[in-house]
Amino acid sequence: MKKSSIPISVIILTHRNDSRFQKALASAQPASEVLVVDYHSDNDWKKLKKAHHFNLVKRSGPIENFAKERNFALKKAKYDWVFFLDSDEEIIADSWQEIESLLQDKQTEEIDGFFVQRNDVFYNKVLKFGETGGAQFLRMIRKEKAQYLRPIHESAEVPGITEHSTIQLNHYAHQDITEFIKDITHYSSLEAEYQKDSDLSELQLGVKTIVYPKAKFLHNYFIKLGFLDGWRGLVYAIAMSLHSLMVRVFSYENS
0 MKKSSIPISV IILTHRNDSR FQKALASAQP ASEVLVVDYH SDNDWKKLKK
50 AHHFNLVKRS GPIENFAKER NFALKKAKYD WVFFLDSDEE IIADSWQEIE
100 SLLQDKQTEE IDGFFVQRND VFYNKVLKFG ETGGAQFLRM IRKEKAQYLR
150 PIHESAEVPG ITEHSTIQLN HYAHQDITEF IKDITHYSSL EAEYQKDSDL
200 SELQLGVKTI VYPKAKFLHN YFIKLGFLDG WRGLVYAIAM SLHSLMVRVF
250 SYENS
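See the structure below:
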């Protein structure tokens, strides 16, 4: 497989200027087009251009509506097929063979999107259980058939046929607990802002505040076997429960 020969656009939205973004950019290089949408990341783009091929689009930041920005990027993509890669992810090298094979397969003409598996790496180990274990995301899509919805925790809506694949990503979301808690605070506040126009009464919100975080922990740690990931699984289950709690707390502040 020749470098930069696969007819697909990989899109990376980034605010990062760390090793995770560089890893994401490097993993996208087999694609004929790599489109980087930058939100004041302060990367040394001239230096990166010497090592990697990509097209750069600069936007004002930070991102307040993720669906809007992904839909914007879709319109900028050159190829019919698009692969969305987050700036803290990498496409596993062996997966490029399947991506190329899918694009060449005549049966793909009837398909508008493929789900890929994302492996969350936490303290240098893949989490196999809990909320993120074996998670599937719709990332490889026909740009003319897809539209992103929800300003936070956005998802692609594809009206046509979608299939699962064995394409895999590694996800390096949190380098340490401090960053994890910071991210939880940020995204839970955005989620609460999105939900502020809901019709929940104060009583209903209070019940959810008490019940949901506990249920979240029990579901992730026991039902989804998070305990099999050892101490990492415990930390992750607690953190996701904290996220659930903070969404409701911020919702109280917004009401």
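Positions 0 to 254 (numbering that gives the first Met the number 0) are the ones given, in order, by the sequence shown. Cβ atoms here follow ideal geometry from the backbone N, Cα and C, with glycine treated the same way. Computed from a prediction, not measured in an experiment: that's the story for all the values here.
Segment limits, beta strand (DSSP E) that includes F121:
Residues 112-121.
Hey, could you find the ends of the beta strand (DSSP E) H185 is sitting in?
No beta strand (DSSP E) holds H185; the alpha helix (DSSP H) holding it covers 176-194.
Are at least three pairs of beta-carbons, each pair with one atom in the region 110-117 and one in the region 37-48, less than 8 Å apart?
Short answer: they don't touch.
Who are I11's beta bridge partners in DSSP?
I11 pairs with V35.
Just to check my reading of the structure: F65 and E153 have Cβ atoms closer than 8 Å, yes? What is that Cβ distance to the nearest angstrom?
Indeed, because the Cβ distance is near 4 Å, the residues count as touching under 8 Å.
Which one of E63, R138, I91, S250 has the shortest CA to CA distance from S8?
Here the closest residue by C-alpha is R138.
My output table needs one value for E89: the three-state DSSP class, helix, strand or coil.
Strand.
Check P212 in the structure and name its three-state DSSP category.
In this structure, P212 counts as helix in the three-state DSSP scheme.
How far does the beta strand (DSSP E) with S250 in it extend, from its first residue to its last?
Where S250 is concerned, there is no enclosing beta strand (DSSP E), although the alpha helix (DSSP H) it sits in stretches over 229-253.
To the nearest angstrom, report how far apart Y220 and G133 are at their CA atoms.
Rounded to the nearest angstrom, the two C-alpha atoms are 15 Å apart.
Give the single residue among F121, I222, L148 whose Cα lies nearest to the Cα of V234.
With distances taken between Cα atoms, V234 lies closest to F121.
Identity of the residues DSSP links to A145 by a beta bridge
The partner list for A145 (beta bridge, DSSP) is empty, contrary to what the question assumes.
Let me know if P29 comes out buried or exposed under the rule of 16 or more other beta-carbons within 10 Å of its beta-carbon.
A buried status is given to P29, since no fewer than 16 other beta-carbon atoms sit within 10 Å of its beta-carbon.
Tell me whether M239 is buried or exposed, calling it buried when 16 or more other Cβ atoms sit within 10 Å of its Cβ.
The residue is buried, with at least 16 neighbouring Cβ atoms inside 10 Å.
When the Cα of L189 is compared with those of A92, V81, R149, F83, which residue comes out closest?
Measuring from the Cα of L189, the nearest candidate turns out to be R149.
Measuring only the C-alpha atoms, how far is V246 from E130?
V246 and E130: Cα-Cα distance of roughly 17 Å.
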